[in-house]
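*Asks:* Using our numbering, the first residue of the first sequence is number 15, and each one after it goes up by one.
Glycine included, C-beta positions come from ideal geometry on N, C-alpha and C.
There's a structure below that I have some questions on.
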Amino acid sequence: MSLKIYNSYSRQKETFTSITPGLVGMYVCGPTVSGESHLGHARPYVTFDFIYRYLSYKGYKVRYVRNITDAGHFEEEGKLAEDKVTAKALLEKLEPMELVQKYTNLFHWAMLELNCVEPSIEPTATGHIVEQLNMIEKIISEGYAYEVNGSVYFDVKKYAANHDYGKLSGRIIDDLLETTRELDGQEEKRDKADFALWKSAAPEHIMRWKSPWGDGYPGWHIECSAMATKYLGAEFDIHGGGMDLQFPHHESEIAQSTICNHHTPAKYWIHNNMITVNGRKMGKSYNNQIKLTEMFAGTHPLLTQAFDPMTIRFFILQSHYRSPIDFSSEALQSSEKALKRLWEAYELLKKITAPDGQLATDLAMEEKIVTLIHGLENFMDDDFSTAKVLANLFELAPIINSIKDGHIAVNAISANTLQLMKESFSIYLEDILGLRNSASIKSNGLNGVMQLLIDIRKEAKEKKDYATSDKIRKQLLAQGIILKDEKDGNMSWTLE
RNA sequence: GGUUCUGUGGCCGAGUGGCUAGGCAAAGCUCUGCAAAAGCUUCUACACCGGUUCGAAUCCGGUCGGAACCUCCA
15 MSLKIYNSYS
25 RQKETFTSIT
35 PGLVGMYVCG
45 PTVSGESHLG
55 HARPYVTFDF
65 IYRYLSYKGY
75 KVRYVRNITD
85 AGHFEEEGKL
95 AEDKVTAKAL
105 LEKLEPMELV
115 QKYTNLFHWA
125 MLELNCVEPS
135 IEPTATGHIV
145 EQLNMIEKII
155 SEGYAYEVNG
165 SVYFDVKKYA
175 ANHDYGKLSG
185 RIIDDLLETT
195 RELDGQEEKR
205 DKADFALWKS
215 AAPEHIMRWK
225 SPWGDGYPGW
235 HIECSAMATK
245 YLGAEFDIHG
255 GGMDLQFPHH
265 ESEIAQSTIC
275 NHHTPAKYWI
285 HNNMITVNGR
295 KMGKSYNNQI
305 KLTEMFAGTH
315 PLLTQAFDPM
325 TIRFFILQSH
335 YRSPIDFSSE
345 ALQSSEKALK
355 RLWEAYELLK
365 KITAPDGQLA
375 TDLAMEEKIV
385 TLIHGLENFM
395 DDDFSTAKVL
405 ANLFELAPII
415 NSIKDGHIAV
425 NAISANTLQL
435 MKESFSIYLE
445 DILGLRNSAS
455 IKSNGLNGVM
465 QLLIDIRKEA
475 KEKKDYATSD
485 KIRKQLLAQG
495 IILKDEKDGN
505 MSWTLE
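Okay, here's the thing in structure tokens:
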């Protein structure tokens with residue numbers, strides 16, 4: 015079956031074919047590193063991570079470009095003629111680049127925690143001022159931008175006359191809300207729909223670069239156009255980002271790139287939905303963000319406990335990337351338990367063995383398993399339905415547990431099917447969905463000590479010295495280690 | 001006001017017109033020195049009103065909620 019992707023540009027699911035066979039170019043809008051990443055930021059990066067992983071699994075060599083926005087853009091369209099990064103820097107008494115570095119490092123740390131594969135190229139906006147200037151000059155020479163008082167604006171009206179401005183977002187220029195607020199620089203524009211390509215910098219502005227129109231800094235949208243073009247070409251396969259970027263950011267990107275390169279930039283536009291808190295988008299404007307550092311440490315009033323990064327990743331994977339997810343501490347707790355159940359089944363599965371060439375004695379069971387496994391690829395192919403992939407893995411869990419407990423005989427299924435199950439868990443859970451067993455990583459160093467305690471407890475049990483055996487179990491529980499007696503007299507343990 | 005979405009059982013959430021998604025929680029049973037885990041079973045819902053259809057959670061129209069965007073945003 016072939017991969018189908020919902021293309022925001024056409025508003026329908028399309029069969030994915032890459033422009034160059036075997037290769038995929040993917041650009042994803044990265045973070046603005048003027049502050050700490052919050053839970054909302056985790057969603058696009060986890061989403062495009064499993065998209066990247068799945069495309070790789072399908073055999074594509076993917077060039078994944080994700081930018082770092084380290085050049086400030088206007089806080090309120092230049093209301094104070096200072097950019098975001100600079101404003102915060104003054105507040106914190108830091109150099110702008112020091113601030114940018116700090117939050118970039120934190121972002122990278124969070125991405126590692128969430129087990130996101132590093133992009134192939136991570137270009138910074140400040141490192142591509144030249145490319146942005148070149149692009150602006152090209153747009154001016156094509157006649158689609160004009161300079162006023164050292165700033166350059168894109169002429170949306172002119173573009174819209176012979177291009178489909180608003181196709182991506184469904185916007186009609188004349189229907190855009192009239193802004194009541196007096197915005198600085200607004201009177202410079204020929205039309206309210208025009209957007210800035212270059213802004214003239216006031217003298218107190220720290221981040222500034224020389225340009226043919228005087229000292230200034232780039233507009234909000236041009237960096238993505240410039241960097242995507244530089245690393246992926248005039249036309250590339252996938253452009254991704256949050257739904258909230260559709261307008262005006264992506265719409266403007268399309269306009270700029272189309273004029274410059276005489277080609278619409280991306281073939282497929284993929285947009286992930288938002289994470290909400292009490293039904294409202296998590297975002298700066300609502301003052302309801304939970305930082306990732308707070309999530310992992312449990313230090314936020316809305317949290318009842320700390321949450322492992324993998325719990326957060328799983329929480330995101332449990333719903334489709336185009337649906338909103340509402341955050342709550344309970345929902346995360348539910349995810350935590352669910353994920354644990356899945357890992358335990360997977361760990362058991364690894365230990366089940368069957369002789370080579372074993373044939374199935376329960377053909378119905380055999381067929382059920384094979385059907386569930388074949389569903390995995392079909393679900394991923396259907397616009398990355400990670401929730402359904404997980405549902406099928408969960409349906410395999412009781413089968414695995416039953417084999418372990420002896421409710422289902424080991425020879426009920428064939429050796430080939432057992433092998434297929436093992437491979438599928440490894441590929442889907444770990445390689446594609448990008449989950450990893452945090453508990454087993456943490457517990458590796460304890461193996462020897464635990465084996466000793468288990469041996470002592472076994473001896474106690476054999477002598478029916480339940481006081482000792484209960485004491486060991488109880489004390490371990492106090493240390494966050496759960497000890498389980500199994501049917502065959504063996505014991506297993508997991509971290510709480 | 002406009003554009004784009006959306007409304008599913010106690011909670012979270014998949015759902016391509018007919019076939020119980022899944023998870024969490026709850027209850028009962030089995031296993032067990034006790035416990036935990038596990039297995040089995042139960043809880044079967046689609047905002048409202050019309051329409052199309054043999055058949056609608058799914059398609060169409062309307063009503064009422066909710067969200068995102070139109071301003072920095074993942």
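Quick check: the Cα distance between K485 and Q319, rounded to an integer number of angstroms?
*Replies:* By one-based count along the first sequence, residue 485 stands at place 471. By one-based count along the first sequence, residue 319 stands at place 305. Those two C-alpha atoms are separated by around 27 Å.
*Asks:* How should P58 be labelled, buried or exposed, when 16 other C-beta atoms within 10 angstroms of its C-beta is the threshold for buried?
*Replies:* Here residue 58 refers to the residue found at position 44 of the first sequence. Looking at its Cβ environment, which holds 16 or more other Cβ atoms inside 10 Å, P58 is buried.
*Asks:* Check the DSSP bridge columns for A207 and list the partner residues they point to.
*Replies:* Counting from 1 along the first sequence, the entry for residue 207 is found at position 193. According to DSSP, A207 bridges with nothing at all.
*Asks:* How should Q146 be labelled, buried or exposed, when 16 other C-beta atoms within 10 angstroms of its C-beta is the threshold for buried?
*Replies:* Counting from one through the first sequence, the residue named residue 146 turns up at place 132. Q146 is buried by the Cβ-count criterion.
*Asks:* Any idea if T193 is buried or exposed, counting beta-carbon neighbours within 10 angstroms, 16 or more meaning buried?
*Replies:* Taking the first sequence and counting its residues from 1, the one referred to as residue 193 is at position 179. In this prediction, T193 has a pLDDT of 49, which is less than 50 and means its spatial position is unreliable; nothing more can be read from the coordinates.
*Asks:* What does the alpha-carbon distance come out to for the pair L197 and V42?
*Replies:* Counted from its first residue, the first sequence places residue 197 at position 183. Counted from its first residue, the first sequence places residue 42 at position 28. With a pLDDT of only 49 at L197, under 50, the local geometry of the prediction cannot be trusted, and the value read off the model is given with reservation. Distance between the alpha carbons of L197 and V42 is about 30 Å.
*Asks:* Tell me whether the beta-carbon of I82 lies closer than 9 Å to the beta-carbon of V131.
*Replies:* Walking along the first sequence from the start, residue 82 turns up at place 68. Walking along the first sequence from the start, residue 131 turns up at place 117. Not closer than 9 Å, so no.
*Asks:* Name the two residues that bound the continuous beta strand (DSSP E) containing G462.
*Replies:* The residue given as residue 462 occupies position 448 in the first sequence. Per DSSP, G462 belongs to no beta strand (DSSP E); it is in the alpha helix (DSSP H), N461 to E476.
*Asks:* Determine the DSSP secondary structure at V131, reduced to helix, strand or coil.
*Replies:* Translated into positions along the first sequence, residue 131 becomes position 117. Three-state DSSP puts V131 in coil, outside helix and strand.
*Asks:* I need the straight-line Cα distance from K364 to D499, nearest angstrom please.
*Replies:* Position 350 of the first sequence, counted from the start, is the residue given in the question as residue 364. Position 485 of the first sequence, counted from the start, is the residue given in the question as residue 499. Rounded to whole angstroms, K364 to D499 spans 19 Å at the Cα level.
*Asks:* Whose C-alpha, out of L390, P338, M379 and I413, is nearest the C-alpha of E358?
*Replies:* Taking the first residue of the first sequence as position 1, residue 358 is located at position 344. It is I413.
*Asks:* Near G420, what residues of its chain come up, given a Cβ to Cβ distance below 8 Å and the 5 sequence neighbours on each side ignored?
*Replies:* Taking the first residue of the first sequence as position 1, residue 420 is located at position 406. Hits under 8 Å: K501.
*Asks:* When you compare each of M241, I252 and L509 to A492 by their alpha carbons, which one comes out closest?
*Replies:* Start at 1 with the first residue of the first sequence, and residue 492 comes out as number 478. When only C-alpha atoms are compared, the closest one is L509.
*Asks:* Please classify F88: does DSSP put it in a helix, a strand, or coil?
*Replies:* By 1-based counting over the first sequence, the position of residue 88 is 74. No answer about F88 holds up, because its pLDDT of 35 lies below 50 and its placement is not dependable.
*Asks:* For the alpha helix (DSSP H) that R80 lies in, which residues bound it at each end?
*Replies:* As a position in the first sequence, residue 80 is number 66, starting the count at 1. Not the alpha helix (DSSP H): R80 falls in the beta strand (DSSP E), residues K75 to R80.
*Asks:* What does S214 pair with, by DSSP beta-bridge criteria?
*Replies:* Locating residue 214 in the first sequence gives position 200, counting from the first residue. Its beta-bridge partners are G230.
*Asks:* According to DSSP, is N302 helix, strand or coil?
*Replies:* As a first step, residue 302 is located in the first sequence; it is residue number 288 there, counting from the start. Coil.
*Asks:* So the alpha helix (DSSP H) N392 belongs to, where does it begin and stop?
*Replies:* Taking the first sequence and counting its residues from 1, one reaches residue 392 at position 378. Its alpha helix (DSSP H) spans residues L377 to D395.
*Asks:* Excluding sequence positions up to five away, which residues of its chain have a Cβ less than 7 Å from the Cβ of E380?
*Replies:* Along the first sequence, read from residue 1 onward, the residue named residue 380 stands at position 366. For E380, where only same-chain residues beyond five positions count, the Cβ hits under 7 Å are A374, I427, S428 and T431.
*Asks:* What do you reckon, are the CB atoms on P133 and V60 nearer than 9 Å?
*Replies:* Position 119 of the first sequence holds residue 133. Position 46 of the first sequence holds residue 60. Against a cut-off of 9 Å, the Cβ pair of V60 and P133 comes out as no contact.
*Asks:* Going by DSSP, what residue range makes up the alpha helix (DSSP H) through G254?
*Replies:* In the first sequence, residue 254 corresponds to position 240, counting from 1. G254 -> not in any alpha helix (DSSP H); beta strand (DSSP E) instead, spanning F250 to G256.
*Asks:* Can you tell me which of the three DSSP states L190 falls into?
*Replies:* If you number the first sequence from 1, residue 190 lands on position 176. Looking at L190 - three-state DSSP - the assignment turns out to be coil, as it is neither helix nor strand.
*Asks:* Going by the beta-carbon positions, is the gap between S165 and W212 smaller than 9 Å?
*Replies:* The sequence position of residue 165 within the first sequence is 151, counting from 1. The sequence position of residue 212 within the first sequence is 198, counting from 1. In this structure, W212 lies closer than 9 Å to S165 by Cβ.
*Asks:* Let me confirm a value: Q303 is counted as buried when at least 16 other C-beta atoms fall within 10 Å, else exposed. Which label applies?
*Replies:* One-based indexing of the first sequence puts residue 303 at position 289. The residue is buried, with at least 16 neighbouring Cβ atoms inside 10 Å.
*Asks:* Starting from V60, follow its DSSP beta bridges and name the residues at the other end.
*Replies:* As a working mapping, residue 60 is identified with position 46 in the first sequence. According to DSSP, V60 bridges with nothing at all.
*Asks:* First and last residue of the beta strand (DSSP E) that includes A280?
*Replies:* What you label residue 280 is simply residue 266 of the first sequence in a count that begins at 1. From DSSP, the beta strand (DSSP E) with A280 extends over A280 to N286.
*Asks:* Just to confirm my understanding: we take L17, look at its own chain, exclude 5 residues before and 5 after, and list those with CB closer than 6 Å. What are they?
*Replies:* Taking the first residue of the first sequence as 1, we reach residue 17 at position 3. Correct list, in chain order: F30 and D395.
*Asks:* Are the CB atoms of N415 and L386 nearer to each other than 9 Å?
*Replies:* Taking the first sequence and counting its residues from 1, the one referred to as residue 415 is at position 401. Taking the first sequence and counting its residues from 1, the one referred to as residue 386 is at position 372. In this structure, L386 does not lie closer than 9 Å to N415 by Cβ.
*Asks:* One question on the structure: do E9 and P226 come within less than 9 Å of each other, judged by their Cβ atoms?
*Replies:* Absent from the structure is residue 9, since the part of the chain shown begins at 15 and ends at 510.
*Asks:* With DSSP collapsed to three states, give me the class of G39.
*Replies:* As a working mapping, residue 39 is identified with position 25 in the first sequence. Correct three-state label for G39: strand.
*Asks:* Going by DSSP in three states, E112 sits in which element: helix, strand or coil?
*Replies:* On the first sequence, position 98 is the one that residue 112 refers to. Three-state result, E112: helix.
*Asks:* Looking only at DSSP bridge pairs, what is L434 linked to?
*Replies:* On the first sequence, residue 434 is found 420 positions in, with the first residue counted as 1. DSSP, once it has assigned bridges, lists no residue as partnering L434.
*Asks:* Given a cut-off of 9 Å on the beta-carbon distance, is the pair R327 and L449 in contact?
*Replies:* Translated into positions along the first sequence, residue 327 becomes position 313. Translated into positions along the first sequence, residue 449 becomes position 435. Yes, the pair counts as a contact, with Cβ atoms nearer than the cut-off.
*Asks:* Would you call R204 buried or exposed, if buried means 16 or more other Cβ atoms sit within 10 Å of its Cβ?
*Replies:* Translated into positions along the first sequence, residue 204 becomes position 190. The residue in question, R204, is exposed, as its Cβ has fewer than 16 Cβ neighbours within 10 Å.
*Asks:* With DSSP run on the structure shown, which of helix, strand or coil describes D370?
*Replies:* Stepping through the first sequence from its first residue, residue 370 is reached at position 356. Coil, per DSSP.
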